[in-house]
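Numbered according to the numbering used here, the sequence shown spans residues 5 to 179.
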Amino acid sequence: MKISFPINYSGYLPLLRGILFLVKTDVLSLSELGIYICFITQVSFDQRHPHYRAILRDDKQIAKEFGVNKTTIYRARKSFIRAGLFIEKAGKTIVPNYYMFEIKHVKRIAKLPAIELQELFANPQEGIAFIEELSANLQQSQPHKPDQSFDFPSKVEASFTEEDKEWIKNNVKEE
5 MKISFPINYS GYLPLLRGIL FLVKTDVLSL SELGIYICFI TQVSFDQRHP HYRAILRDDK
65 QIAKEFGVNK TTIYRARKSF IRAGLFIEKA GKTIVPNYYM FEIKHVKRIA KLPAIELQEL
125 FANPQEGIAF IEELSANLQQ SQPHKPDQSF DFPSKVEASF TEEDKEWIKN NVKEE
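This is the structure:
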C-alpha cells in the first residue's frame, strides 16, 4: 500500500544564498533551481519521522499541485539524482545534503567563506563531517575575542545591581 502525503505548505526553510553556486557552476539552470527548491520543501526534516530526509510527495502530486507536466518533474528528479543532489534508496528519493536546509547547520554554514560554500554545494555528499571540519578551520583562523564585561561606560544609565550583573555574567551566553 502506497502512502500519500499532501503537499506541505507549513513551516519554513532556511535558504543559504550560496545555493546560487548551483546555477553559477552549471550544476542547475535557474529554472531547475526553482524545481529543486520545490522538492526540498517537500522533504521530511523531522528526525523522528521514519522517512527523515526523504521527499514525501511523488512526481504526480508535485506536478498537479504546481501546474506542470509530470514528465518535467520526473526528468528534473532524475537529473538531480545524476548530479548527486538526490539519491534513490529503497524506493525513496533522499536528499543527502538535507543538513544545508536545517537551521542549526545553516547558522554555521552561512559564516563560511564563499569558496568553501561553493565547494559544499559542488559536493553535496560530503555531509555534516565536512561542515564540522570547515567550521573548525574557520574558528582556528579567527582571532579569539575576549569576553565582554558589563562594566563599561554607557550613554544610558543602567540600573543593574551587582547581583543582577553577576546573574547575567553567569547565565547569559552568546551563541
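Note that beta-carbon positions come from the ideal geometry of N, C-alpha and C, so glycine has one too. Fair warning: this is a prediction, and the values are worked out from it, not measured in the lab.
Rounded distance between the beta-carbons of residue j and residue i, thought under 8 Å
| i | j | result |
| --- | --- | --- |
| Phe125 | Phe43 | The pair is not a contact, with the Cβ atoms about 15 Å apart (cut-off 8 Å). |
N-terminal and C-terminal residue of the beta strand (DSSP E) that residue i is part of
| i | result |
| --- | --- |
| Thr97 | Lys96 to Ile98 |
| Ile91 | Ile91 to Lys93 |
Residue burial classification, residue i (beta-carbon count within 10 angstroms, cutoff 16)
| i | result |
| --- | --- |
| Tyr227 | What the structure shows of the chain is the stretch from 5 to 179, and residue 227 is not part of that stretch, so it cannot be assessed. |
| Gln46 | buried |
| His53 | exposed |
| Tyr40 | buried |
Assigned secondary structure, residue i (DSSP; H/G/I helix, E/B strand, else coil)
| i | result |
| --- | --- |
| Val72 | coil |
| Val47 | strand |
| Tyr103 | helix |
| Ser35 | helix |
| Gly88 | coil |
Residue range of the alpha helix (DSSP H) that includes residue i
| i | result |
| --- | --- |
| Glu170 | Glu166 to Asn175 |
| Leu60 | Here Leu60 belongs to no alpha helix (DSSP H), and DSSP marks it neither H nor E. |
| Ala118 | Ala118 to Ala126 |
| Phe9 | No alpha helix (DSSP H) holds Phe9; DSSP gives it neither H nor E. |
| Leu26 | Phe25 to Lys28 |
### Task
Flag this pair as touching only if the stretch 96-115 and the stretch 14-22 have three or more C-beta atom pairs under 8 Å; answer yes or no.
Taking 8 Å as the limit for Cβ pairs, the verdict is that the stretch 14-22 does touch the stretch 96-115.
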